[in-house]
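Peer 1: Numbering of the sequence shown is given in my numbering, commencing with residue 1191 and proceeding in unit increments. Where is the CB? At the ideal position from N, CA and C, for every residue including glycine.
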Amino acid sequence: MMMWKRINFFRSGEIEIMDFLEKHTKLTLHSMDNLVRIVSSDSNLEDYLKTIKKNEKKGDRICYKATRKAMEGAVSIAIINNLIKVIDDVDMLLDKILYLARESIRLKTSLNYKDKSVWIPIYENILHSNLIIRELNTMLEEVKSGYKTDHILKKRDRIEELEEEGDELKARALDIIYDRANEINDKTFILLRDFILTIDDLEDLCEDIANHIILIKYILES
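1) Taking just the CA atoms, how far does R1292 sit from A1264?
2) Which residues in the same chain have their Cβ closer than 7 Å to the Cβ of D1398, if we skip the five residues on either side of it in sequence?
3) So the candidates are D1394, Y1289, D1357, N1372; which of them puts its Cα closest to the Cα of V1229?
4) D1209 to L1283, Cα distance in whole Å?
5) Check Y1337 in the structure and name its three-state DSSP category.
6) Going straight from the alpha carbon of G1203 to that of D1281, what length do you get?
7) Does DSSP classify S1412 as helix, strand or coil?
8) Please work out which residues of its chain come closer than 8 Å, Cβ to Cβ, to I1367, disregarding the five sequence neighbours upstream and downstream, and give them in chain order.
9) With L1239 and I1312 assumed to form a contact (beta carbons below 8 Å), what rounded beta-carbon distance in angstroms separates them?
10) Are the CB atoms of L1225 and N1327 within a distance shorter than 8 Å?
11) Measure the alpha-carbon distance for A1363 versus L1392 and round it to whole angstroms.
12) For I1205 versus A1260, is the C-beta distance shorter than 8 Å?
13) Report the residue from K1244, L1405, I1316, H1214 whose alpha carbon sits nearest the alpha carbon of R1227.
14) Using only the alpha-carbon positions, how far apart do S1233 and T1299 sit?
15) Within this structure, are the beta carbons of L1343 and L1321 separated by less than 8 Å?
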């Protein structure tokens, strides 16, 4: 039976930062679950938003601790730039989810936009993003546990593959709103377009994080 695990190249401080990042992506998954509920429901929207806001604040504190730990010399100088980039990008995930939650509620309440032919592809995009974030969370867990780079690289490749699939979903959703442009007022159209593009940004961030994690692994093992 093939064993994927190996000796961990991370220092104790680096492992602690990976713990922070793993906790953060778990918060991100929790927020995504609440975003899915906002998009798929017309009730308890403010309760879901409140949870996402709390997670965003918790995430800020986690990333502050991780950054401070890195800047205090707890990590190898060779990986600090890549690690800080990962921390910043991970933090941005929750910021974007909070934006999506607020805009979802604005579209549903203030603008009363409930066209299912538009919301269904948006819902599919969000579910797809949730899948990518789950893959990223697993990748962080396995990096921290010392899995071989070849195995982690397969996780990165899977995230890249999912991101490309997400591009297709994004294009389909954009096509739908452009086809209905004459039926949608300008403010709603802009919000819908920016909403779909932000989902795409979310997936791009996951791919960027995965790429920097692989770089960190390569640097430490070289």
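Peer 2: If we stick to the structure as given:
1) Taking the first residue of the sequence shown as 1, we reach residue 1264 at position 74. Taking the first residue of the sequence shown as 1, we reach residue 1292 at position 102. The alpha-carbon atoms of A1264 and R1292 are separated by roughly 37 Å.
2) Within the sequence shown, the letter at position 208 stands for residue 1398. D1279, listed in sequence order.
3) For the purposes of this step, residue 1229 is identified with residue 39 of the sequence shown, where counting begins at 1. It is Y1289 whose Cα lies nearest to the Cα of V1229.
4) Residue numbering aside, residue 1209 sits at position 19 when the sequence shown is read from its first letter. Residue numbering aside, residue 1283 sits at position 93 when the sequence shown is read from its first letter. For D1209 and L1283, the distance between alpha carbons rounds to 17 Å.
5) Reading the sequence shown from its first residue, position 147 is the one you call residue 1337. Looking at Y1337 - three-state DSSP - the assignment turns out to be strand.
6) Taking the sequence shown and counting its residues from 1, the one referred to as residue 1203 is at position 13. Taking the sequence shown and counting its residues from 1, the one referred to as residue 1281 is at position 91. Going by the C-alpha atoms only, they are around 19 Å apart.
7) For the purposes of this step, residue 1412 is identified with residue 222 of the sequence shown, where counting begins at 1. In the structure shown, S1412 sits in coil (DSSP, three-state: anything other than H, G, I, E or B).
8) Translated into the one-based positions of the sequence shown, residue 1367 becomes position 177. If we look at I1367 and ignore the five residues flanking it on each side, its Cβ neighbours are V1308, I1374, F1379, L1382, R1383, I1386.
9) Against the sequence shown, residue 1239 aligns to sequence position 49. Against the sequence shown, residue 1312 aligns to sequence position 122. The pair is not a contact, with the Cβ atoms about 17 Å apart (cut-off 8 Å).
10) As a working note, residue 1327 is residue 137 in the sequence shown. As a working note, residue 1225 is residue 35 in the sequence shown. Result no, Cβ atoms of N1327 and L1225 do not sit closer than 8 Å.
11) Here residue 1363 is taken as the residue at index 173 of the sequence shown, counted from 1. Here residue 1392 is taken as the residue at index 202 of the sequence shown, counted from 1. Looking at the two C-alpha atoms, the distance is approximately 16 Å.
12) Along the sequence shown, one-based indexing puts residue 1205 at 15. Along the sequence shown, one-based indexing puts residue 1260 at 70. No, these two residues do not count as a Cβ contact at 8 Å.
13) Taking the first residue of the sequence shown as 1, we reach residue 1227 at position 37. Among K1244, L1405, I1316, H1214, the Cα nearest to that of R1227 is on I1316.
14) For the purposes of this step, residue 1233 is taken as residue 43 along the sequence shown, with counting starting at 1. For the purposes of this step, residue 1299 is taken as residue 109 along the sequence shown, with counting starting at 1. Using only the alpha carbons, I get a separation of about 11 Å.
15) In the sequence shown, residue 1343 corresponds to position 153, counting from 1. In the sequence shown, residue 1321 corresponds to position 131, counting from 1. In this structure, L1343 lies away from L1321, with their beta-carbon atoms at least 8 Å apart.
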